[in-house]
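Report on one structure; see the data block that follows.
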Amino acid sequence: MHKSFDLFFVSSNSHKYIEAKTILDSFGIELGFLKLNLEEIQSHSLNEIAEKKAKDAFSKCKKPIIIEDDGLFIDSLNGFPGPYSSYVFETLGNKGILKLVSSKRNAKFVSHIAYCDKKILKTFVGKLDGTISKSQRGKGWGYDPIFIPKNSEKTFAEINHKNELSHRFKALKKFSNWYLDKLESNDQ
Ligand code: IMP
């Protein structure tokens, strides 16, 4: 039987959904998946991109949704690839990034989770500092094999508790607090 959900994650990236689902499960929130390719506007602002994607997703699905827009910001490259992370991953890949980064290796992952329903559009931000590794280590998606979260020696691809500390976890934790309060006040 088809399960009905109150909240959907809209994305073309099933890795993001699996992580978001695991995280929201831990807060007692069930999350369905609508695999859709949403058009992404060109902007320097993740927030602007996320809000546009959320409105588009809601107008397509007509159900309460969340979407995510995120990026890897490398300090010595003035925040590159940032909002262009997806395109840069497809074109340069991890090998290309490793060639660009020299002695200063500080970086951060930033996640913008945007919620949209027929009345509300709201965004939640999570950031995680770290460094870029010298070589690819571990098997993981996207930039996981080259990102070492702070206070760790291992890359995201080598640790098994990524979903307890990631940029995605931090943004979704803020979202969950707000969403659970909203559900509770709707019940009263
Ligand atoms: P967008 O949010 O779809 O524009 O994509 C951002 C890009 O950043 C993704 O396509 C991945 O390449 C990368 N990315 C975002 N979050 C993660 C993560 O948790 N691990 C690895 N790569 C990530």
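Each number in the working numbering comes from the position in the sequence shown (counting from 1) with 2 added on. C-beta: ideal position from N, C-alpha, C; glycine also.
Per-residue DSSP class, three states only, for residue i
| i | result |
| --- | --- |
| residue 93 | helix |
| residue 154 | coil |
| residue 8 | coil |
| residue 181 | helix |
| residue 19 | helix |
| residue 3 | Because residue 3 carries a pLDDT of 46, less than 50, the predicted location of this residue cannot be relied on, and no value is offered for it. |
| residue 119 | coil |
| residue 56 | helix |
| residue 70 | strand |
| residue 79 | helix |
| residue 109 | strand |
| residue 30 | coil |
| residue 2 | Lying outside 3 to 190, the shown extent of the chain, residue 2 is not represented and no answer is given. |
| residue 191 | This structure leaves residue 191 out entirely; the chain is present only between 3 and 190. |
Same chain, Cβ closer than 6 angstroms to residue i, five either side skipped, listed in chain order
| i | result |
| --- | --- |
| residue 119 | 66 |
| residue 145 | 74 |
Residues near residue i in its chain [Cβ-Cβ closer than 7 angstroms; skip 5 each side]
| i | result |
| --- | --- |
| residue 83 | 73, 74 and 90 |
| residue 154 | 161 |
Local Cβ density within 10 Å of residue i, reported as buried at 16 or more and exposed below that
| i | result |
| --- | --- |
| residue 3 | Residue confidence is low: residue 3 scores 46 on pLDDT, short of 50, so the model does not pin down where it sits. No coordinate-derived value is stated. |
| residue 113 | buried |
| residue 96 | buried |
| residue 21 | buried |
| residue 185 | exposed |
| residue 174 | buried |
| residue 169 | buried |
| residue 132 | buried |
| residue 166 | exposed |
| residue 1 | Nothing about residue 1 can be reported from this structure: the residues present for the chain run from 3 to 190 only. |
Beta carbon proximity, residue i to chain D, threshold 7 angstroms
| i | result |
| --- | --- |
| residue 169 | Although the question refers to chain D, the structure presented lacks it and comprises just one protein chain. |
Chain-order list of residues whose beta-carbon lies under 8 angstroms from that of residue i (same chain, five-residue window excluded)
| i | result |
| --- | --- |
| residue 11 | 18, 19, 22, 23, 33, 34, 35, 36, 67, 68, 69 and 70 |
Q | the region 93-108 touching the region 16-30, judged by at least three CB pairs closer than 8 angstroms | A | No: fewer than three Cβ pairs fall under 8 angstroms.
Q.
I want to know whether the region 36-52 touches the region 103-110 - three or more CB-CB distances under 8 angstroms.
A. The region 36-52 is not in contact with the region 103-110.
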